[in-house]
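I have placed the structure first, in the form of structure tokens, so that the comments after it can refer back to it.
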Amino acid sequence: MCEPRYFDVRYTINPWMSTDDPVDLTLARDQWSTLVHTYREHGHTVETVAPVEGLPDMVFAANAAVVVDGRVFGSSFHAPERRPESSVYQTWFKAAGFDVHQPGSVCEGEGDLVPAGRFVLAGTGFRTHRAAHREVQDFFGRPVISLDLVDSRFYHLDTALFFLGGEGDASQDGDIAYYPGAFSPGSIEVLRRLYPRAVIATEEDALAFGLNSVSDGRHVFVAPQAGGLVAQLAHRGYVPVPVDLSEFRKAGGGIKCCTQEIRS
Ligand code: ARG
Numbered sequence: 006m007c008e009p010r011y012f013d014v015r016y017t018i019n020p021w022m023s024t025d026d027p028v029d030l031t032l033a034r035d036q037w038s039t040l041v042h043t044y045r046e047h048g049h050t051v052e053t054v055a056p057v058e059g060l061p062d063m064v065f066a067a068n069a070a071v072v073v074d075g076r077v078f079g080s081s082f083h084a085p086e087r088r089p090e091s092s093v094y095q096t097w098f099k100a101a102g103f104d105v106h107q108p109g110s111v112c113e114g115e116g117d118l119v120p121a122g123r124f125v126l127a128g129t130g131f132r133t134h135r136a137a138h139r140e141v142q143d144f145f146g147r148p149v150i151s152l153d154l155v156d157s158r159f160y161h162l163d164t165a166l167f168f169l170g171g172e173g174d175a176s177q178d179g180d181i182a183y184y185p186g187a188f189s190p191g192s193i194e195v196l197r198r199l200y201p202r203a204v205i206a207t208e209e210d211a212l213a214f215g216l217n218s219v220s221d222g223r224h225v226f227v228a229p230q231a232g233g234l235v236a237q238l239a240h241r242g243y244v245p246v247p248v249d250l251s252e253f254r255k256a257g258g259g260i261k262c263c264t265q266e267i268r269s
């Protein structure tokens, strides 16, 4: 994770961002610290990457890479403003002992690539290019399921879907939660076939960044504003852990965006 010391909205690269809506940095820092503290309280190790001045979106660590089996597939950002982040995170990974594969086309890490058991679910349409999906499949040797995103408010896959883990489909790797309205009809059909029992979120829950959640298979770190989703998760036997990251919505981010998961 990366502390939001220089977090701000200084350019607009998604529909949530407006340079007229000032960020309350004190609130953002408090919310972020609460997330770190909550992860640690639940037994998760949190490592931090030093923030760099002039990179206001660097707090969104999820976009820097995707890590599976201890192997790191790096990032290549769509927006020029975010491109310098890749090498900063790469330096951190290398210092931590990981080799980093540099993608050959636009790829925004876990923003669009969601490891889900034997599969990697992969979004395209606004950021990550479809060519990167192929590259991810070859790199990890895991089938990549390409999904088309069609609503610009849900410009990254991780704003519209998350992997719950636990027990369920596809087939037994674990289930997912998603908002169908973010996907093309063909992609909705693919998700239905793979995950017939998935948790289906409403537009309201998706707009509250409820799908930008992190699950350890039991606890789901989730936006408290996504009340319907929180209730559904509890009903399914998960333990929702509400963490409010509302200030990061001004940049189009939430809990998952701020979290890069290192899968060893
Ligand atoms: N302002 C950032 C962008 O548009 C937000 C990134 C959110 N990250 C995420 N994993 N969805 O690139």
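Heads up, the sequence shown is in the working numbering, so the first residue is 6 and it goes up one at a time. Note that CB positions come from ideal geometry on N, CA and C, so glycine has one too. This one's a predicted model, so the numbers in the text were calculated from it and none came from an experiment.
Exposed unless 16 or more other CB atoms sit within 10 angstroms - verdict on residue i
i	result
glycine 114	buried
proline 27	exposed
glycine 59	exposed
valine 51	exposed
glycine 146	exposed
proline 20	exposed
proline 201	exposed
threonine 39	exposed
serine 269	exposed
serine 192	buried
glycine 242	exposed
8 Å Cβ shell around residue i - same chain, five flanking residues per side excluded
i	result
valine 246	Thr43, His47, His224, Val225, Phe226, Val227
arginine 76	Phe103, Asp104, His106, Phe144, Phe145
valine 235	Gly215, Val227, Pro229, Pro245, Pro247
lysine 255	Val14, Trp21, Met22, Ser23, Asp26, Val28
aspartate 249	Gln36, Thr39, Ala228, Pro229, Gln230
aspartate 74	Phe145, Arg268, Ser269
Same chain, Cβ closer than 6 Å to residue i, neighbours up to 5 away in sequence not counted
i	result
glycine 116	Ala67, Asn68, His161, Asp163
arginine 88	Phe82
alanine 231	Asp210, Ala213, Gly215
alanine 137	Pro108, Ser110, Cys112
phenylalanine 98	Val77, Val105
valine 72	Ile267, Arg268
Check: residue i C-beta below 8 Å from any heavy atom of the ligand ARG
i	result
phenylalanine 167	no
histidine 134	no
cysteine 262	yes
phenylalanine 226	no
glycine 170	no
tyrosine 183	no
arginine 87	yes
tyrosine 94	no
phenylalanine 188	no
alanine 256	yes
tyrosine 160	yes
alanine 84	yes
threonine 129	no
glycine 222	no
threonine 24	no
glutamate 266	no
CA nearest to the CA of residue i, picked from the options
i	options	result
arginine 15	Glu52, Glu86, Val54	Glu86
aspartate 221	Leu169, Val54, Ile150	Leu169
glycine 109	Pro190, Ser81, Gly128	Ser81
valine 155	Ser38, Phe12, Tyr184	Tyr184
alanine 84	Thr96, Lys255, Thr17	Thr17
glycine 270	Thr96, Val244, Leu216, Leu196	The shown model of the chain, from 6 to 269, leaves out residue 270, and the question about it has no answer.
leucine 126	Leu199, Thr39, Asn19, Gly75	Leu199
glutamine 142	Gly130, Ser157, Arg123, Val204	Arg123
threonine 264	Leu32, Tyr94, Leu30	Tyr94
valine 219	Ala55, Ile181, Gln177, Thr133	Ile181
arginine 34	His49, Pro9, Val54, Ala55	Pro9
lysine 261	Val64, Leu30, Ala55, Arg132	Val64
isoleucine 267	Ala203, Gly233, Leu250, Thr53	Thr53
threonine 207	Tyr243, Phe253, Leu166, Gly191	Leu166
leucine 118	Ala101, Val149, Glu90	Val149
7 Å Cβ shell around residue i - same chain, five flanking residues per side excluded
i	result
arginine 135	Thr129, Ser151
alanine 239	Pro245
Self-check item: Continuous alpha helix (DSSP H) assignments of at least 4 residues falling wholly in the region 215-246
Solution: 232-240
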